[in-house]
Amino acid sequence: MVVTRFAPSPTGYLHIGGLRTALFSYLWAKKNNGKFVLRIEDTDKKRNSKEATEAILKAFEWLGLEADGEITYQSRRDAIYAKYIQQLLDEDKAYKCYMSKEELNALREEQMANKERAKYDGRYRNFDGTPPEGVEPVIRIKAPLSGEIIVHDGVKGDILFQAEDILDDFVIARADGSPTYNFVVAVDDALMGINEVIRGDDHLSNTPKQIVVYEALGFDIPKFYHVPMIFNQQGKKLSKRDGATDVMAYKEMGYLPEALLNFLVRLGWSHGDQEIFSAEEMRELFDPKDINRSASIYNTEKLDWLNAHYIKKISNEKLTELLTEFGILLSSHDKKEILLNALKERAKTLKELALMVEEIIQTPTSYDEKAVKKAFKGNAVKILEIFANRLEEASELHLPSDYHHIMEKVIKEMEIGFGKIGQPLRIALLGKMGGPGLDTVMAVLGRNETLSRITKAVLTHTADD
RNA sequence: GGCCCCUUCGUCUAGCGGUUAGGAUCCAUGGUUUUCAUCCAUGUUACAGGAGUUCAAUUCUCCUAGGGGUCACCA
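Residues 48 to 512 (this note's numbering) make up the first sequence, in order.
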């Protein structure tokens with residue numbers, strides 16, 4: 048069974064890059080009827096917060112990603128790590144190193160001065176003398192000092208490292224006894240049965256160290272997939288300063304989860320020419336072998352397009368519900384279907400949609416001057432007055448087509464084109480050009496509000512002349 | 001700096017030795033629309049550079065350049 052994982056360190060909100068690796072891991076597990084588990088890497092007590100973990104969970108919930116089983120917290124597994132550290136000590140695969148920080152720094156400086164790679168020199172590797180006073184030892188693993196380490200990567204292919212280039216006896220437990228990252232990652236992945244690791248490219252050079260741990264402990268090495276980074280517009284690694292990288296910020300901006308997911312799944316992954324993927328299709332089609340090898344730049348143009356696409360497809364009922372978060376309450380509005388059908392065609396985000404609804408529902412408080420100049424030429428006022436009269440005379444007015452008939456009637460009566468009535472009427476009703484068809488607008492507003500807006504506009508522009 | 005990774009339209013990408021180098025987005029133009037948007041159609045734009053290998057390279061190899069990652073008692 049395929050078991051994947053997402054292993055964030057809870058130091059802040061969940062950002063786009065993290066979400067994408069989580070998504071890839073989730074999809075791959077689902078496709079294989081496997082498991083996707085969540086592990087919180089909170090061993091560094093100073094930098095972690097509970098809120099951050101909750102933020103991650105919240106984002107998952109919004110997007111419909113669900114982790115299988117219990118969440119694992121590394122901070123609660125000290126006993127486990129201690130056990131394996133002791134095992135390595137007992138097997139002479141690790142040892143205590145009494146080098147002080149000062150000594151270590153001195154060594155590094157000397158190596159730097161000689162233009163050598165900073166590297167622990169192994170001075171306590173076979174130490175059996177009396178330990179120096181006053182130094183709490185760290186524990187270092189005996190890493191291979193020569194030979195090759197090959198990472199079999201599902202995205203990049205086999206990558207060859209020379210041990211002497213990259214390895215030294217790295218620390219697996221700090222002076223206070225707490226284990227370090229490369230050690231716990233390997234231990235946890237092994238113990239949790241994770242056999243397919245999908246993670247960011249930035250972990251690629253850590254992988255040989257983790258392989259050292261796997262081998263020392265006799266664990267099976269999982270299959271790795273290192274997915275390329277997502278860069279910002281400047282071509283640099285995404286950071287918190289890159290505007291909206293917080294996943295939940297996208298919710299506030301009016302993006303739909305299906306749009307964000309679709310956008311992210313296509314960032315660095317493809318399935319031929321297909322652009323639109325439902326959640327089901329993603330689970331069916333995702334395969335890490337189709338992950339791209341190169342980094343991608345994060346650019347939201349396509350996200351906007353996808354979001355517009357999904358807004359068009361979503362039910363009005365659902366839309367009404369979503370709009371409440373943007374201060375729009377339509378559930379009791381009798382013409383909400385008509386309104387939403389007209390508006391969802393032209394909104395890129397829910398926030399935009401909310402604004403459009405407001406602009407129709409609210410009586411205009413001012414009129415766009417340029418548009419007024421253009422529209423209120425000639426006998427525009429007269430046309431509006433006649434149109435208003437015909438509206439009053441009409442018997443039943445409900446649907447857009449009812450209003451449309453009246454517009455046509457006036458056009459015929461006065462022997463004018465559609466524009467002659469359309470433009471001033473649009474100004475009267477909405478205060479500016481643009482927006483849905485006027486018949487639709489009037490149907491939504493109803494006869495009284497329509498008449499009232501026309502009257503107000505007529506008064507305003509009669510006074511002007 | 002050492003090590004490692006990457007390089008097709010502005011952006012996301014297809015391509016897996018022989019293609020008029022395809023799609024999407026963006027942009028532009030036209031059509032539909034009383035307006036705006038949608039929608040439809042059309043168009044501009046790409047194989048980083050140089051050597052090989054080969055009858056034939058975007059595709060394979062090497063080099064160069066550029067970009068990125070990583071080198072902790074952070075994760």
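Virtual Cβ for every residue (Gly too), placed ideally from N, Cα, C.
Practice item. Could you tell me which uninterrupted alpha helix (DSSP H) segments, each at least 4 residues in length, are contained entirely in the region 344–415, listed from first to last along the chain? Key: 348–360, 363–370, 383–390, 397–408
Exercise for review: Identify the continuous alpha helix (DSSP H) that holds Gln209 and give its terminal residues.
Suggested key: Run containing Gln209: none in the alpha helix (DSSP H); it sits in the beta strand (DSSP E), 204–209.
Review point. Exposed or buried, Ile298, counting other C-beta atoms within 10 Å across all chains shown (16 or more means buried)?
Key: Just to set this straight, residue 298 is Lys in the shown sequence, not Ile. Under this definition Lys298 is a buried residue.
**Study point:** Ala222 in three-state terms, based on DSSP
**Key:** coil
Review point. To which residues does DSSP link Asp293 through a beta bridge?
Key: His62
Point to revise | Every unbroken alpha helix (DSSP H) within the region 244–316, with a cutoff of 4 residues, ordered by chain | key: 254–264, 294–299, 304–312
Point to revise | Sufficient close CB pairs (3 or more, under 8 Å) joining the region 229–245 to the region 190–200 | key: no
**Study point:** Residue closest to Ser56, alpha-carbon to alpha-carbon, out of Ser96, Met489, Asp137, Gly116
**Key:** Ser96
Check your understanding: How long is the line joining the alpha carbons of Val274 and Ala342, rounded to whole angstroms?
Key -> 8 Å
Practice item. Report the residue from Thr497, Leu438, Glu183 whose alpha carbon sits nearest the alpha carbon of Ala222. Key: Glu183
Exercise for review: Using three-state DSSP, classify Val49 as helix, strand or coil.
Suggested key: coil
Exercise for review: Within the region 142–217, note down every full beta strand (DSSP E) run reaching 3 residues or more, in order along the chain.
Suggested key: 185–188, 195–200, 204–209
Practice item. Could you say which of Ala355, Phe333, Ala69 lies nearest to Asn245 if we only look at CA atoms? Key: It should be noted that the sequence gives Ile, not Asn, for residue 245. It is Ala69.
Review point. From Lys398 to Tyr145, what distance separates their C-alpha atoms?
Key: 60 Å
Check your understanding: Leaving out five residues before and five after Val294 in sequence, what residues of the same chain have Cβ atoms less than 6 Å from its Cβ?
Key -> Leu61, Leu66, Ala106
Review point. With Leu370 and Ala401 assumed to form a contact (beta carbons below 8 Å), what rounded beta-carbon distance in angstroms separates them?
Key: 6 Å
Check your understanding: Can Leu303 and Tyr261 be called in contact, C-beta distance under 7 Å?
Key -> no
Review point. Going along the chain, which residues of its own chain have a beta-carbon closer than 7 Å to the beta-carbon of Tyr73, five neighbours each way excluded?
Key: Phe83, Leu112
Point to revise | As assigned by DSSP and simplified to three states, the class of Asp512 | key: Note that Asp512 scores 48 on pLDDT, short of 50, meaning its location in the model is unreliable and no value can be drawn from it.
**Study point:** Arg86 - containing beta strand (DSSP E), residue span
**Key:** 82–87
Check your understanding: Are Ala306 and Leu353 closer than 7 Å when you measure CB to CB?
Key -> yes
Check your understanding: What do you reckon, are the CB atoms on Ile188 and Ala141 nearer than 7 Å?
Key -> yes
Check your understanding: For Met329, which residues from the same chain have a beta carbon less than 6 Å from its beta carbon, with the 5 sequence-adjacent residues on both sides left out?
Key -> Leu74, Val312
Review point. With respect to the alpha helix (DSSP H) encompassing His452, which residues constitute its N-terminal and C-terminal limits?
Key: 447–461
Review point. Excluding five sequence neighbours on each side, which residues of the same chain lie with their C-beta closer than 7 Å to the C-beta of Tyr450?
Key: Leu444, Asp486, Met489, Ala490
Review point. What do you reckon, are the CB atoms on Ser193 and Ala165 nearer than 7 Å?
Key: no
Review point. By Cβ distance, which residues of its chain are closer than 7 Å to Lys148, with the 5 residues on each side in sequence left out?
Key: none
Point to revise | Span of the alpha helix (DSSP H) around Lys429 | key: 427–440
Review point. Out of curiosity, what's the CA-to-CA distance linking Phe481 and Gln121?
Key: A quick correction: the sequence has Gly, not Phe, at residue 481. Rounded to whole angstroms, Gly481 to Gln121 spans 56 Å at the Cα level.
Point to revise | Buried/exposed call for Asn309, threshold 16 Cβ in 10 Å | key: buried
Exercise for review: Note down the Cα distance separating Gly464 from Ile344, rounded to an integer number of angstroms.
Suggested key: 50 Å
Check your understanding: Is there contact here, the region 125–142 with the region 150–170, by at least three beta-carbon pairs under 8 Å?
Key -> no
Point to revise | Neighbour-count burial assignment, Met403, 16 or more Cβ in a 10 Å radius | key: buried
Check your understanding: Under three-state DSSP, which class holds Thr227?
Key -> coil
**Study point:** Gly466, enclosing alpha helix (DSSP H) - first and last residue
**Key:** 465–477
Check your understanding: In this structure, does DSSP put Ile338 in helix, strand or coil?
Key -> strand
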